[in-house]
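Contents: one structure, followed by commentary.
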Amino acid sequence: MKGYIGDEAATAAAINSEGWFKTGDLCYIDNDGFLFVVDRLKELIKYKGYQVPPAELEHLLLSHPEIIDAAVIPYPDEEAGQVPMAFVVRQPQSTLCEAQIIDFFHPKESFSIHPSIPLPSPTLPLTSASYAYSLYLSSSSSSSSSSSNSISTVPALIDSTTALPISYSQFLDSIQTLSSFLKTNFPSLTKGQVAFILSPSTVHVPVLYFSLLSLGIVQLSSPVIAFATTSTSHKLPSSLPTLLLDSPLFLSLFSSTTSSSSSSDGPRHDHHLVGPTSVLQSDPAAILYSSGTTGIVKGVVVTHRNLIAMVAGMYAEREERVEPEVVLLTVPMCRVYGFIYCMKAVAMAETVVAMVGRFEVGRMLRAVGKFGVTHVAVAPPVVVKMAKEEEADRYDLRSLESMVCGGAPLRKETMEQFMARFPKVQLKQGYGLTESTGVASRMIGPEEIQHLGSVGRLSAYCEAKIVEPDTGITLSPGKPGELWIRGSLIMKGYIGDEAATALAINSEGWLKTGDLCYMDDDGFLFVVDRLKELIKYKGYQVPPAELEHLLLSHPEIIDAAVIPYPDEEAGQVPMAFVVRQPQSTLSEAEVAPYKKIRRVSFLISIPRNPSGKILRKDLIKLAAPSKL
Numbered sequence: 001m002k003g004y005i006g007d008e009a010a011t012a013a014a015i016n017s018e019g020w021f022k023t024g025d026l027c028y029i030d031n032d033g034f035l036f037v038v039d040r041l042k043e044l045i046k047y048k049g050y051q052v053p054p055a056e057l058e059h060l061l062l063s064h065p066e067i068i069d070a071a072v073i074p075y076p077d078e079e080a081g082q083v084p085m086a087f088v089v090r091q092p093q094s095t096l097c098e099a100q101i102i103d104f105f106h107p108k109e110s111f112s113i114h115p116s117i118p119l120p121s122p123t124l125p126l127t128s129a130s131y132a133y134s135l136y137l138s139s140s141s142s143s144s145s146s147s148s149n150s151i152s153t154v155p156a157l158i159d160s161t162t163a164l165p166i167s168y169s170q171f172l173d174s175i176q177t178l179s180s181f182l183k184t185n186f187p188s189l190t191k192g193q194v195a196f197i198l199s200p201s202t203v204h205v206p207v208l209y210f211s212l213l214s215l216g217i218v219q220l221s222s223p224v225i226a227f228a229t230t231s232t233s234h235k236l237p238s239s240l241p242t243l244l245l246d247s248p249l250f251l252s253l254f255s256s257t258t259s260s261s262s263s264s265d266g267p268r269h270d271h272h273l274v275g276p277t278s279v280l281q282s283d284p285a286a287i288l289y290s291s292g293t294t295g296i297v298k299g300v301v302v303t304h305r306n307l308i309a310m311v312a313g314m315y316a317e318r319e320e321r322v323e324p325e326v327v328l329l330t331v332p333m334c335r336v337y338g339f340i341y342c343m344k345a346v347a348m349a350e351t352v353v354a355m356v357g358r359f360e361v362g363r364m365l366r367a368v369g370k371f372g373v374t375h376v377a378v379a380p381p382v383v384v385k386m387a388k389e390e391e392a393d394r395y396d397l398r399s400l401e402s403m404v405c406g407g408a409p410l411r412k413e414t415m416e417q418f419m420a421r422f423p424k425v426q427l428k429q430g431y432g433l434t435e436s437t438g439v440a441s442r443m444i445g446p447e448e449i450q451h452l453g454s455v456g457r458l459s460a461y462c463e464a465k466i467v468e469p470d471t472g473i474t475l476s477p478g479k480p481g482e483l484w485i486r487g488s489l490i491m492k493g494y495i496g497d498e499a500a501t502a503l504a505i506n507s508e509g510w511l512k513t514g515d516l517c518y519m520d521d522d523g524f525l526f527v528v529d530r531l532k533e534l535i536k537y538k539g540y541q542v543p544p545a546e547l548e549h550l551l552l553s554h555p556e557i558i559d560a561a562v563i564p565y566p567d568e569e570a571g572q573v574p575m576a577f578v579v580r581q582p583q584s585t586l587s588e589a590e591v592a593p594y595k596k597i598r599r600v601s602f603l604i605s606i607p608r609n610p611s612g613k614i615l616r617k618d619l620i621k622l623a624a625p626s627k628l
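Residue numbers (UniProt numbering): 1 to 628.
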């Protein structure tokens, strides 16, 4: 338009000096150029700091068979700022009332309200490595770093033991070199073939991941080639071609890229990560193994689309920083958490400090000060130890800004104790499974962190509902039941086990997590326990995690695990395995009556998997009546 007649101020507010007309509409455009309208910006409802589009609520109302038209507006609320108010037109003869409409909203599945960005068209051939690389280019071009160094010279990886860094320039060139080497020397290694990786976490593992992903190679299970180290290769069949990650041949690939990259101004952005363009997003990217804490370990097939969605969600949630984040990776790279952290770090041009060798809390704390670590991912025992003991006081933790904890829920009291000791460190919880490509919910920002005991809100591209385990009926907020999740993050299935896949994912695409959870009215998720681990005591189901949290409130207990123990009268009774403080003389008689624990055994340490989850099946074997 030329302008608003007789209103130059309104015209100037609507059209800027470059001729851009500000529509006032909230929209997005996908990778194919299609425009999607969400709502009017002025009409968004400001609910507890979040902006809720009325159109989304109106669409949901119109899905009710007795509603023929609806409109939603903001209504003032002292606590929330604004709440949604609906105006509804009912079908003729309908007796639908206000209470029924409100209940209609409650049992519906929850959707993520975390930030997101449009995903690439699912039909576009694209590897997860190439997608992460494209986000890296965006991150590096928009970096606000005040450093004189280019983002390409920022360390991508640092070995915690040797302190040797690998810059992004060297990292990207190493991927190219290794990919070319594999294509030339292992012609059988083609798209869809499988490579087996048997290696502890090292700075070379992420390079290998990106090389294989860019070639369309699936990692693990029925391999045509294996990657191992001198210490692990003996576990592999002698007939399987194996490349040792600590061999002179393999290390020479990195030394050549290091010398060539050090004399350049940055990575060679004139070429992309190598790989066939025929790799589809729906193709398998990796086979990652579940924790197996309660049963048989399963091979979980995750696709490139799964990884793209996970990385995109984390990228959308990033905060603007003056300097790149420095992440200390304490979780194993072979697990889903470590795997996605490697990809997320590249997408956001972060520095990953790889904990090489045996994990110890002291080594972790020392690395924080030595490398200026800003973020650490840990398991619950680390948080408990830091909250209860004074060891952390001996280390320089001034650079540490946040810690994220996963693997098991933290009790509210532990979080409060930690936050009191480390007031400048944001303690966040997250929740996820290998089957959900890692993080299905997480805390973002100071406001969400205040919801102690919660594992945050749903991740982007994820929806969830809480159901009654036996009937599948959807439950209202506040009522515990089995958590079901669905979306772009959900695995393709279990490798070679169609029956297990069918049991885990129903015909509508819902993944049955097996976790007992509930959601509050604000969409925060709370994990109670694993359904399979509930103790059946006199007809009641007792969550072991609740008893463990109570045990950990005892000042002389630094770790604990509770399992079911057979009992003729009650069916099962709680049995506790306890780790005492050094010099503690706490006895079984003192612990047994504590919070209805019926049996007690003292251990030096609680058996856990590499992700920090309690290996209850091992404790159940240990507690077998014939062994006590």
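No residue lacks a Cβ here, since even glycine has one placed at the ideal position from N, Cα and C.
| Check | Outcome |
| --- | --- |
| Name the one or two DSSP bridge partners that residue 155 has. | 167 |
| Quick one, which of 466, 403, 511, 331 has its alpha-carbon nearest residue 608's? | 331 |
| Classify residue 89 as buried or exposed, calling it buried when 16 or more other Cβ atoms lie within 10 Å of its own Cβ. | exposed |
| Let's test the definition: count the other Cβ atoms within 10 Å of the Cβ of residue 17 and tell me whether it reaches 16, buried, or not, exposed. | exposed |
| When you compare the CB positions of residue 481 and residue 475, do they come within less than 9 Å of one another, or not? | yes |
| Relative to the C-alpha of residue 367, which candidate in 215, 389, 329 has its C-alpha closest? | 329 |
| So, with DSSP's three-state summary, where would you put residue 564? | strand |
| Alpha carbons only, please: which of 462, 19, 75, 13 is nearest the one belonging to residue 43? | 75 |
| Give the DSSP-derived three-state secondary structure of residue 262 in the structure shown. | Note that residue 262 scores a pLDDT of 47, beneath 50, so its modelled location is shaky; the value from the coordinates is reported in the next line. Correct three-state label for residue 262: helix. |
| Which of helix, strand or coil does DSSP assign to residue 269? | Legend: pLDDT at residue 269 = 40, less than 50; position of this residue unreliable, no value from coordinates given. |
| According to DSSP, simplified to helix, strand and coil, what is residue 54? | helix |
| Comparing C-alpha positions only, which one of 550, 507, 563, 588 sits nearest to residue 532? | 563 |
| Taking the alpha carbon of residue 402 as the reference point, which residue from 253, 467, 423, 412 has its own alpha carbon closest? | 423 |
| Between the alpha carbons of residue 353 and residue 407, how many angstroms are there, rounded? | 21 Å |
| Would you kindly check if the distance between the Cβ of residue 612 and the Cβ of residue 440 is under 9 Å? | no |
| What is the residue span of the beta strand (DSSP E) that residue 328 lies within? | 326 to 329 |
| Between residue 215 and residue 133, what straight-line distance do the alpha-carbon atoms span, to the nearest angstrom? | 14 Å |
| State the DSSP-derived secondary structure class of residue 33, mapped to helix, strand or coil. | coil |
| Going by the DSSP bridge assignment, what does residue 516 pair with across the sheet? | 482, 529 |
| By how many angstroms is the C-alpha of residue 393 removed from the C-alpha of residue 361? | 12 Å |
| So, do the stretch 111 to 126 and the stretch 453 to 469 have three or more beta carbon pairs nearer to each other than 8 Å? | yes |
| Is the stretch 411 to 422 touching the stretch 318 to 327 in the sense that three or more CB pairs, one from each, lie closer than 8 Å? | no |
| Please go through the stretch 410 to 435 and give each complete beta strand (DSSP E) segment of 3 or more residues, from N-terminal end onward. | 426 to 433 |
| Exposed or buried, what is residue 234 when buried is set at 16 or more other beta-carbons lying within 10 Å of its beta-carbon? | exposed |
| Can you give me the Cβ contacts of residue 432 inside the same chain, cut-off strictly under 6 Å, excluding the 5 residues immediately before and after it? | 438, 439, 440 |
| Count the other CB atoms within 10 Å of the CB of residue 27; is the residue buried (16 or more) or exposed (fewer)? | exposed |
| Using 8 Å as the threshold, is the stretch 375 to 390 in touch with the stretch 168 to 179, meaning 3 or more CB pairs across them? | no |
| Assuming contact is defined by CB atoms lying nearer than 9 Å, are residue 561 and residue 606 in contact in what I supplied? | yes |
| What three-state label does DSSP hand residue 459 in the structure shown? | coil |
| Please report how far the alpha carbon of residue 278 lies from the alpha carbon of residue 309, in whole angstroms. | 19 Å |
| Report the rounded CA-to-CA distance for residue 492 versus residue 574, giving the unit in angstroms. | 37 Å |
| Can you tell me which of the three DSSP states residue 598 falls into? | coil |
| Quick one: what's got a C-beta closer than 8 Å to residue 285's C-beta in the same chain, skipping five residues either side? | 127, 128, 213, 218, 219, 302, 303, 304, 306, 307 |
| Helix, strand or coil, according to DSSP, for residue 305 in the structure here? | helix |
| Return helix, strand or coil for residue 386, following the three-state DSSP convention. | helix |
| Nearest-angstrom Cα distance between residue 467 and residue 99? | 21 Å |
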